[in-house]
Amino acid sequence: MATDTRRKTPEEYLRECQAEEEASAASSQGRLKIFLGYASGVGKSFRMLDEARRRQERGQDVVVGAMQPQVPAEVEPLLRKLEVMPLKNAGGGTAIDVDALIFRHPTVCIIDGLAYDNPPGSRNPTRWQDVKDLIESGIQVVASINIQYICELREQVEAITGKHVDQTVPLAFIQSADEIEIVDAPPEEPLERSPDEQVQIKKRQERLSKLRELALVVTADIVDHQLNDYLERHGIRQHYGTHERILVCITPRANIQDMMATAQVIAKRFHGELVVAYVKQSDISAEDQSALDARFAIANAAGVHVEILEGGDPADTLLEFARSRDITQLFVGHSQRSGLARLKGSPLDKLIAEGHGMDVCVFPQ
Amino acid sequence: MGYAAGVGKTYKMLEEAQERKASGVDIVIGYFEPHGRKETIAKIDGLELIHRKVIRYRDSSFEEMDTDAILARHPEACVVDEFPHTNVPGSERGKRWEDVEILLAAGIDVLTTMNIQHLESLNDQVWQISGIRVRETVPDWVVEQADEVVMVDLTPRALLNRLQRGVVYEREKAEKALQNFFREQTLVALRELALRQTAHEVEHRMAGEETRPSPAETGFLGLRKRHKILVMVTANPKTAVAIRRAKRVSDFLGAECFAVAIQRTGDLSGLPALDRDAIERHLNFARNLHIETRILEGDDVAATLVDFGRRNEVTQIYITRPQKQKWLPFLDSDPARRVLDLAKDMLIVIVSDREPVTVH
Chain A
290 MATDTRRKTP EEYLRECQAE EEASAASSQG RLKIFLGYAS GVGKSFRMLD
340 EARRRQERGQ DVVVGAMQPQ VPAEVEPLLR KLEVMPLKNA GGGTAIDVDA
390 LIFRHPTVCI IDGLAYDNPP GSRNPTRWQD VKDLIESGIQ VVASINIQYI
440 CELREQVEAI TGKHVDQTVP LAFIQSADEI EIVDAPPEEP LERSPDEQVQ
490 IKKRQERLSK LRELALVVTA DIVDHQLNDY LERHGIRQHY GTHERILVCI
540 TPRANIQDMM ATAQVIAKRF HGELVVAYVK QSDISAEDQS ALDARFAIAN
590 AAGVHVEILE GGDPADTLLE FARSRDITQL FVGHSQRSGL ARLKGSPLDK
640 LIAEGHGMDV CVFPQ
Chain B
13 MGYAAGVGKT YKMLEEAQER KASGVDIVIG YFEPHGRKET IAKIDGLELI
63 HRKVIRYRDS SFEEMDTDAI LARHPEACVV DEFPHTNVPG SERGKRWEDV
113 EILLAAGIDV LTTMNIQHLE SLNDQVWQIS GIRVRETVPD WVVEQADEVV
163 MVDLTPRALL NRLQRGVVYE REKAEKALQN FFREQTLVAL RELALRQTAH
213 EVEHRMAGEE TRPSPAETGF LGLRKRHKIL VMVTANPKTA VAIRRAKRVS
263 DFLGAECFAV AIQRTGDLSG LPALDRDAIE RHLNFARNLH IETRILEGDD
313 VAATLVDFGR RNEVTQIYIT RPQKQKWLPF LDSDPARRVL DLAKDMLIVI
363 VSDREPVTVH
């Protein structure tokens with residue numbers, strides 16, 4: 290394994306120190322663990338309470354702070370062995386009893402269902418804010434939520450289910466969890482039914498599969514954040530390539546339509562990311578400038594922001610940017626040079642030779 | 013599907029086996045690897061166990077799944093642990109997944125377990141992440157045949173905790189494990205791969221046609237046609253990386269994939285033994301991944317390849333990185349260099365090495 294013991298830049302040292310400070314500040318707080326599911330009935334409550342049971346068996350002080358109004362049959366025996374703090378009745382609704390929980394101060398508190406608005410006059414408007422208070426008071430929280438209740442995913446989920454959801458939790462709160470675990474299970478197999486019902490079942494299963502895919506991708510994205518955080522905190526600069534990231538490089542002659550079309554398909558299929566960049570050139574003709582403008586417009590029309598890069602050598606500039614973004618595929622145009630002119634080596638040659646961990650996809654101009 | 017030993021795959025599988033048994037399904041355990049994990053062992057309680065077969069090899073005894081005994085017993089469903097396992101020499105089939113194919117062909121449902129690092133098309137990425145070349149792999153088409161792929165998730169921190177408490181391995185093995193796959197960043201990265209792969213598997217199995225890549229969507233050069241991917245096979249050891257990558261992309265795009273080697277004689281007879289073996293190995297490798305292969309006849313490697321690509325309406329050509337020269341950027345005779353020169357009207361993909369590099 291090649292190892293480069295390059296010295297860290299002052300900025301990197303600073304980042305590391307800050308990250309360590311944040312981590313030690315966080316240690317006086319409780320921790321948050323979230324079980325994420327794609328629909329009710331996948332077994333989140335069971336998994337969560339099974340973990341509660343195991344923690345209790347290991348000697349941790351566990352209290353249930355909230356359960357769903359109806360618990361599945363398999364959950365009941367687990368629940369019976371745990372101390373349950375009843376919900377508080379207030380303002381015509383219920384909310385978790387934050388004061389009582391903080392007073393009781395268990396090591397671990399179980400919250401089944403994060404996405405509830407509290408009745409008026411409560412300590413906080415929403416349950417996830419209550420959970421934040423519990424964590425700040427030093428209690429570890431293990432909670433569960435379905436993806437349809439994540440605020441930023443609401444539109445996507447509504448497009449699949451056709452159902453509107455009112456009470457949600459911001460994605461940032463989910464991302465702030467120390468640990469997130471997905472509870473995955475295939476949609477239940479339908480029993481023998483009439484042809485009409487089978488059509489309905491098939492549609493339902495398709496909806497569930499879409500939600501399931503979304504939950505897996507959302508979790509993967511959160512894990513990707515965690516990976517980058519970890520690498521940054523520990524000053525590790527390694528190209529992991531766990532997530533497909535395509536960098537489309539714009540030049541005046543780039544066939545931007547084809548590059549964008551192919552990049553978008555690949556990004557979609559791989560649940561990947563698409564980045565477009567242009568390396569700024571100094572003395573460029575009016576003709577080239579208008580060609581560039583047309584290309585920027587196409588990228589913008591596709592909803593993609595164009596990164597303008599500045600630097601001496603175009604290939605070096607692109608490579609540095611690509612490395613910083615963990616790019617796995619570089620989309621460029623064919624080299625215009627041929628014959629003797631090529632002996633000097635083109636920028637393309639450099640990209641191919643030095644684009645470590647990046648496939649170079651060379652498009653017709 | 014999991015991302016490391018100890019995430020709870022076998023436990024989850026046995027839990028489902030128990031549920032199936034309770035609902036009246038005739039289910040047996042065909043192979044089970046207890047690893048001394050108490051909670052998992054408790055889960056086999058009440059399930060019928062088919063005894064393993066003892067195979068003698070080099071004065072030692074090895075135990076393998078007794079596929080014939082399972083066939084004779086013929087249950088409705090069967091639990092088979094460790095899908096990517098390689099059978100000891102002298103077994104009827106080389107791989108456990110091949111034994112599973114026999115069970116499926118006999119109409120027996122199978123529940124099985126594997127970790128993401130054993131998926132063939134991710135072999136280079138796993139190497140890049142972990143520095144470990146996984147030798148026991150399962151071709152992607154085998155996994156694709158599964159009716160369902162379920163992710164068994166556990167956070168890396170919980171897994172490391174289990175490892176430290178000695179739940180996963182005994183102490184000595186645990187300490188060794190912490191040195192390789194069980195570094196936190198490696199586990200996080202593998203977990204991400206497993207989540208993304210499972211998302212892909214779910215999408216792939218979705219009933220609706222509209223979820224499959226449509227011809228319009230895969231359009232290239234403005235033409236509404238499907239992608240066709242061609243991989244150049246040479247004796248260069250990096251060819252395997254290009255083959256895996258091409259196959260992975262073609263699977264995700266729903267594209268066709270071919271692999272071709274080019275020789276003056278149209279076969280491999282005129283080559284030095286080392287080169288012939290290498291090319292043969294690469295072609296076999298491609299065939300095992302269900303890629304159509306061919307040996308083309310031609311004096312000029314690059315020209316023959318490009319011509320074949322044009323005639324077959326190939327949309328992408330995958331080649332390995334040119335050999336770097338010190339005095340010139342690239343040697344002109346390098347086939348990759350020549351392909352780039354000859355096919356300026358085509359999409360050429362130069363597949364990078366995925367050598368693990370750590371920069372501290």
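Each protein sequence line maps, in turn, to chains A and B.
Numbered per this note's numbering, the first sequence finishes at 654, counting up by one with no gaps.
Numbered per this note's numbering, the second sequence finishes at 372, counting up by one with no gaps.
Backbone N, C-alpha and C define an ideal beta-carbon position, used for all residues, glycine too.
Small disclaimer: the values here were computed from a predicted structure and weren't measured.
For residue i, which residues of its own chain have a beta-carbon under 6 Å away from its beta-carbon, when the five flanking residues on both sides are left out?
i: T246(B); result: none
i: V472(A); result: F324, G326, V331, G332, K333 and R336
i: P96(B); result: M126, H130, E148 and V150
With a threshold of 8 Å between beta carbons, is residue i in contact with chain A?
i: T125(B); result: no
i: S35(B); result: no
i: P225(B); result: The predicted model places P225(B) with a pLDDT of 47, which falls under 50 and marks its position as unreliable; any figure quoted below should be read in that light. Yes - at least one Cβ of chain A is within 8 Å of the one on P225(B).
i: P347(B); result: no
i: V138(B); result: no
i: A267(B); result: no
i: E160(B); result: yes
i: I141(B); result: yes
i: L352(B); result: yes
i: A17(B); result: no
i: A81(B); result: no
i: D279(B); result: no
i: K240(B); result: no
i: K356(B); result: yes
i: V243(B); result: no
Residue i versus chain B: which residues are under 7 Å apart at the beta carbon?
i: I535(A); result: By Cβ distance, chain B contributes nothing, its closest Cβ being about 12 Å from I535(A), past 7 Å.
Does any CB atom of chain B fall closer than 8 Å to the CB of residue i?
i: S465(A); result: no
i: Q349(A); result: no
i: T508(A); result: yes
i: E502(A); result: yes
i: Y438(A); result: no
i: A448(A); result: no
i: E495(A); result: yes
i: P475(A); result: yes
Could you compute how far the alpha carbon of residue i sits from the alpha carbon of residue j?
i: I291(B); j: G634(A); result: 30 Å
i: H137(B); j: K322(A); result: Here the sequence assigns Gln to residue 137(B), which means His is not the residue at that position. Going by the C-alpha atoms only, they are around 29 Å apart.
i: K421(A); j: G427(A); result: 10 Å
i: M549(A); j: M647(A); result: 18 Å
i: R349(B); j: K356(B); result: 11 Å
i: G14(B); j: N127(B); result: 5 Å
i: L83(B); j: I114(B); result: 9 Å
i: K499(A); j: G354(A); result: 31 Å
i: I393(B); j: P358(A); result: Lying outside 13 to 372, the shown extent of chain B, residue 393(B) is not represented and no answer is given.
i: R195(B); j: V313(B); result: 44 Å
i: K107(B); j: T210(B); result: 23 Å
i: Q494(A); j: K370(A); result: 35 Å
i: A17(B); j: V180(B); result: 7 Å
i: K55(B); j: Y23(B); result: 7 Å
Leaving out five residues before and five after residue i in sequence, what residues of the same chain have Cβ atoms less than 7 Å from its Cβ?
i: A29(B); result: I39, L59, V91 and L123
i: E213(B); result: V161
i: A552(A); result: I535, V537, L563 and F620
What does residue i reach in chain A if we use C-beta pairs closer than 9 Å?
i: K250(B); result: By Cβ distance, chain A contributes nothing, its closest Cβ being about 12 Å from K250(B), past 9 Å.
i: Q197(B); result: L516, Y519, L520, H523, I525, Q527 and Y529
Just to make sure I have the definition right: I need the residues of chain A whose C-beta is within less than 8 Å of the C-beta of residue i. Which are they?
i: R208(B); result: L505, V506, A509, T531, H532, F559 and H560
i: T167(B); result: K322, E468, I469 and E470
i: L317(B); result: Simply none; closest approach about 15 Å.
i: R333(B); result: I641 and A642
i: F264(B); result: I555, R558 and F559
Could you work out which residues of chain B lie near residue i, taking near to mean beta carbons separated by less than 8 Å?
i: D513(A); result: E204
i: D602(A); result: Result: empty, since nearest Cβ-Cβ is about 14 Å, beyond 8 Å.
i: F652(A); result: L359
Counting only Cβ pairs nearer than 8 Å, list the residues of chain D close to residue i.
i: S364(B); result: The displayed structure is made up of protein chains A and B, and chain D is not among them.
If I measure Cβ to Cβ from residue i and keep anything under 8 Å in the same chain, skipping five residues before and after, which residues do I get?
i: R542(A); result: A580, G622, Q625 and Q654
i: I463(A); result: I323, L325, I434, I439, I469 and I511
At a CB-CB cut-off below 7 Å, which residues of chain A make contact with residue i?
i: K259(B); result: Residues of chain A passing the Cβ test: none, with the nearest at roughly 13 Å.
> Does the segment 196-203 of chain B touch the segment 508-528 of chain A, meaning 3 or more C-beta pairs lie closer than 8 Å?
Replying inline: yes
> Is the segment 576-595 of chain A close to the segment 605-617 of chain A, with three or more CB pairs under 8 Å?
Replying inline: no
> Using 8 Å as the Cβ pair cut-off and three pairs as the minimum, do the segment 365-382 of chain A and the segment 405-419 of chain A touch?
Replying inline: yes
> Using 8 Å as the Cβ pair cut-off and three pairs as the minimum, do the segment 358-367 of chain B and the segment 318-337 of chain B touch?
Replying inline: yes
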